[in-house]
Amino acid sequence: IPAPAVVKGPVRALEIEEIKNLAICFGQAARRCREAGFDFIELHGAHGYLINQFLAPNSNIRTDEYGGSFENRTRFLFEVIDAVKHIAGKDYPVGIRINGNDYIENGWELKDTLRIAPLLEKTGVAYIHVSGGVYGSTELTIPSMYTPQGCFIHMAEAVKQVVNVPVITVGRIKDPEMANAAIRDGKADMVALGRSIIADPEYPNKAKSGKASLIRPCVGCCLGCIHAVLAKEPGSCVVNPDVGREYKLAEEKAPEKSQKILVVGAGPSGLAAARMFAQRGHEVKILEKGSEQGGLLALAATAPGREELGDILRFFRNELERLGVAVDYNTPLSSEVLNFFDPDHVILATGSMPDMPVIKGLFKSKMKLTTSVDVFTDAHSAGDRVIVLGGGFTGLITAHKLGDMGKEVVVLNRKKSFAEEMSSNDRYYLRERLKACGVVLYKMVTVKSFTDDGVSFTSKGEPVTLEGFDTVVISEKHQPVRDAKHLEKQSRAKFHMIGDAKTPRHLMFCVAEAEEAGRSI
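Here the sequence shown is numbered in my numbering, starting from 7 and rising by one per residue.
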């Protein structure tokens, strides 16, 4: 029996009396909501919670009146609705959220939802909210960027054909046009937004006023909103680092005096800082030594299935255009450039670069030695049989890119777990894709030495030797790029270092630091 509760203890079946009492508890909770001034409540009958556990055959193996047949498995839900109506008032609006599909073996399916929906309508529910996934298929309950946008709309559309009450759809509806189309095409009556509102609380207002291009886009990475919370850390958001820290942040107000700010580097940290500086009223210019914006994030957005990372860069590009901030490309910082602009402050957001490890035989091997950055710049720089050294996020998306091209790939990871910095549901999809590409993963690796065409190492204490490879891709640590720091002595400007140039780390922390820098001057 699935037992997802975090509370440790033996699993036992609920007694009939307990079930009856739980229904009453739902009703009492609804009454308290009404007394507190809430306009309506929604019963959560999806995602593997109690009501869903009664509904699904795989979690309900009771042999009494609450288990077995469809009528018995749905009994608790109807008793809950009846208790809510009786205790909170028949005139108090009650909606129900229910799965269109549990996406798990012997779970609740769409045919079950289509069967129960008309029965729910007869109880007087105000609406039916159709979602999907349970514990055991959490990657669908909280779909990541590997899941198509609008992934549950088709189930809401099916339910809408069998009821007259409003039907709500949900599931990565980050584009206002997708939301409008779902309603316009009769697939749903309303759209529920979760993470999109975390990414940008002004999403509805921007969409309504025709400013959809200015919406901070949820990219489905699940890092700040899910991964951090599950790790018992403060919740946040990669694209909106203010989330969960609003009370700590300095007020975003105009400076006493507008100053000239020169931002060096058009990666995500530089773009985020420039946006905040300009929004507050400073005069801002961005220098980029390359020909494009985005830095390493732009490269990561070319990985299979991770194209939505580019939405972050599009947001910053639109914002900087709105604020009138120009980017000078192919312009590294030099003493001449510094003297020409004569800034009050220089923000060094020059990023990081892969750090080459010192391992026996690595630099003497006949295999081509390259890095993940090189692979994403030119995937054909790697041969047909590739060893990726590093099992973090970058190593895995590098392996996926190469495996997706049909190359034979192995990943050597020194740690116990792969891509620990990714959210579990995002990582799940990536691991599944790696399996489909035939990528072989080794963990708890200690490399002994590289040979002319391979490597000797131990994995979980067991010796392994690989031969016949032609490429080694380094995808482990990064080192800061600080080649412009020495220019501080040649200028009256005050220099500030942010992002990977300060300390290589995750995008979420870099963007947060960049926006804080933008508030600090």
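Even for Gly, the Cβ is constructed at its ideal location relative to N, Cα and C.
Exercise for the section: Mind the definition here: the segment 311-330 touches the segment 265-285 only if three or more C-beta pairs lie below 8 Å; say whether that holds. Expected result: yes
Handout entry: Distance between residue 144 and residue 71 (C-alpha atoms, nearest Å)
Key = 29 Å
Exercise for the section: Indicate whether residue 112 and residue 52 have their beta-carbon atoms separated by less than 9 Å. Expected result: Annotated as distal: residue 112 and residue 52, with beta-carbon spacing of 9 Å or more.
Exercise for the section: Out of 476, 128, 175, point me to the one whose CA is closest to residue 200's CA. Expected result: The shortest C-alpha separation from residue 200 is found at 175.
Problem - Start and end residues, alpha helix (DSSP H) containing residue 403 - result: 399-410
Problem - Cβ neighbour criterion (16 or more within 10 Å) applied to residue 383 - result: Taking all protein chains shown into account, residue 383 has fewer than 16 neighbouring C-beta atoms within 10 Å of its C-beta and is therefore exposed.
Exercise for the section: Work out the CA separation of residue 357 and residue 103 for me, nearest whole Å. Expected result: 44 Å
Problem - Cβ contact check for the segment 296-305 and the segment 325-340: 3 or more pairs under 8 Å - result: yes
Handout entry: Simplified DSSP state of residue 341, which is helix, strand or coil
Key = Here residue 341 sits in helix by DSSP.
Practice task
From the DSSP output, in three-state form, read off residue 441 for me.
Solution key: Residue state for residue 441 is assigned as helix, using DSSP reduced to three classes.
Handout entry: Meets three-Cβ-pair contact criterion under 8 Å: the segment 412-430 and the segment 448-462
Key = yes
Exercise for the section: Flag this pair as touching only if the segment 399-411 and the segment 305-319 have three or more C-beta atom pairs under 8 Å; answer yes or no. Expected result: yes
Exercise for the section: Starting from residue 358, trace the alpha helix (DSSP H) both ways and give me its first and last residue. Expected result: Here residue 358 belongs to no alpha helix (DSSP H); instead the beta strand (DSSP E) covers 358-360.
Exercise for the section: Compare the C-alpha of residue 223 against each of 209, 148, 241, 159 and name the closest. Expected result: Of 209, 148, 241, 159, the smallest CA-CA separation from residue 223 is found for 209.
Problem - Rounded straight-line distance, which links the Cα of residue 62 to that of residue 139 - result: 12 Å
Handout entry: For residue 106, the three-state DSSP class (helix, strand or coil)
Key = strand
Handout entry: Exposure of residue 58, with buried meaning 16 or more beta-carbon neighbours within 10 Å
Key = buried
Problem - Nearest candidate by alpha-carbon position, reference residue 396, set 453, 15, 155 - result: 453
Handout entry: Buried/exposed call for residue 170, threshold 16 Cβ in 10 Å
Key = exposed
Practice task
Could you say if the segment 343-363 and the segment 481-494 meet the contact criterion of at least three C-beta pairs nearer than 8 Å?
Solution key: yes
Handout entry: C-beta contact flag for residue 516 and residue 504 at 9 Å
Key = yes
Problem - Start and end residues, beta strand (DSSP E) containing residue 456 - result: 451-456
Handout entry: Backbone CA spacing between residue 372 and residue 365 [nearest angstrom]
Key = 14 Å
Practice task
Give me the Cα-Cα distance between residue 114 and residue 141, rounded to the nearest whole angstrom.
Solution key: 13 Å
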